[in-house]
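Numbering (the numbering used here), first residue to last: 18 to 224.
Backbone N, C-alpha and C fix where the C-beta goes; we use that ideal spot for every residue, glycine too.
Note that the structure is predicted; figures quoted are calculated from it, not measured.
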Amino acid sequence: MLGHDTPCHVPAPRVSGDRVVLGNGRELWLRSIRPEDAKPIDGAFGLLRPEEVRLRYLHMIKALSPDYLHRLTHPVRGRDCVLVAAEPYPPGEALIGAVARLMIDPPTAGESDRQAEFAILVSHFVAGYGLGRLLMKRLIDRARRRRLTRIYGDVLESNRAMLVLARRLGFRIDHETPGDGIARVVLELPAKRTPAPANRPRRSRAS
Ligand SMILES: CC(C)(COP(=O)(O)OP(=O)(O)OC[C@H]1O[C@@H](n2cnc3c(N)ncnc32)[C@H](O)[C@@H]1OP(=O)(O)O)[C@@H](O)C(=O)NCCC(=O)NCCS
């Protein structure tokens, strides 16, 4: 399990983000993705197991297209949020162990709901130490801060790890098209009501 989830207090000017130490002693930094991460992510893709790729993308893909990598590493402000768990080196030099992404759906005419789809991959090199849970919690925090009404993700029904993780975080599991082997996990994010300040004198209308 993780040892820390707090910003590093030792001087480390060349790396930004939050330092985490996994249960096996490996140190990683949680930070927003940077354009320089494209090459390390592309390189690390070849080290993933076919099953990890299938679970993440819901089918097999052999490589990440340049267009996909560009969009992943250039999140649109206000629409996308992409977090990575990276080695403690500057972006471009650091290997990336995990990527978690939130993409806000385009607004639907006449609907005030704002929802976003998440996707996550924690590579087997660093899986099982709590990173998935931590990254998902951060995506949920971001979604709340952006006042989204729900987040959802499509998960293979055989993906026990993600379904367990989603359930533990409060997602419900929907089977939208029975028989297609894909479950949609959905977390509703009800707006927090701001309590009215107590004992605040009412301002009388100016007459
Ligand atoms: C699913 C995934 C994100 C989990 O990441 P992780 O860092 O290994 O998960 P964590 O260590 O944070 O564990 C989270 C919870 O899931 C449970 N879990 C993890 N792996 C599990 C497994 N193989 N079987 C059952 N439960 C499992 C853990 O017990 C833990 O629960 P707890 O916090 O109550 O103890 C990771 O396995 C992954 O990226 N898989 C491939 C891609 C994928 O499936 N993406 C999801 C679709 S977008």
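Residues of the same chain with a CB within less than 8 Å of the CB of residue 186, apart from the 5 flanking positions on each side, are 150, 153, 154, 157 and 204 in chain order.
The straight-line gap separating the alpha-carbon atoms of residue 44 and residue 89 is approximately 24 Å.
When the alpha-carbon of residue 105 is set against those of 35, 181, 179 and 176, the nearest one is in 35.
DSSP, read as helix, strand or coil, puts residue 169 in strand. With respect to residue 94, residue 121 sits apart: the two C-beta atoms are not nearer than 8 Å. Residue state for residue 100 is assigned as strand, using DSSP reduced to three classes. About 4 Å separates the beta carbon of residue 137 from that of residue 117, a gap short enough to meet the 8 Å contact definition. Taking non-hydrogen atoms of ligand 1 into account, the C-beta of residue 103 is found less than 7 Å away from none of them. Chain-ordered, the residues whose CB falls short of 6 Å from any heavy atom of ligand 1 come out as 69, 72, 73, 136, 137, 138, 139, 144, 145, 146, 147, 148, 149, 150, 170, 172, 176, 177, 178, 179, 181, 182 and 185. In the structure shown, residue 50 adopts coil according to DSSP, grouped into three states. In the structure shown, residue 135 adopts extended strand secondary structure according to DSSP, grouped into three states. Taking C-alpha positions only, residue 111 is separated from residue 175 by approximately 32 Å. Residue 143 is a Cβ neighbour of residue 115, given a cutoff of 8 Å.
For residue 77, no alpha helix (DSSP H) run applies, since DSSP gives it neither H nor E. Going by beta carbons, residue 145 and residue 53 fall outside the 8 Å limit. Shown here, residue 109 sits in coil according to DSSP, grouped into three states, outside any helix or strand. Cβ atoms of residue 199 and residue 75 come within 8 Å of each other, at about 6 Å. In this structure, residue 38 lies away from residue 47, with their beta-carbon atoms at least 8 Å apart.
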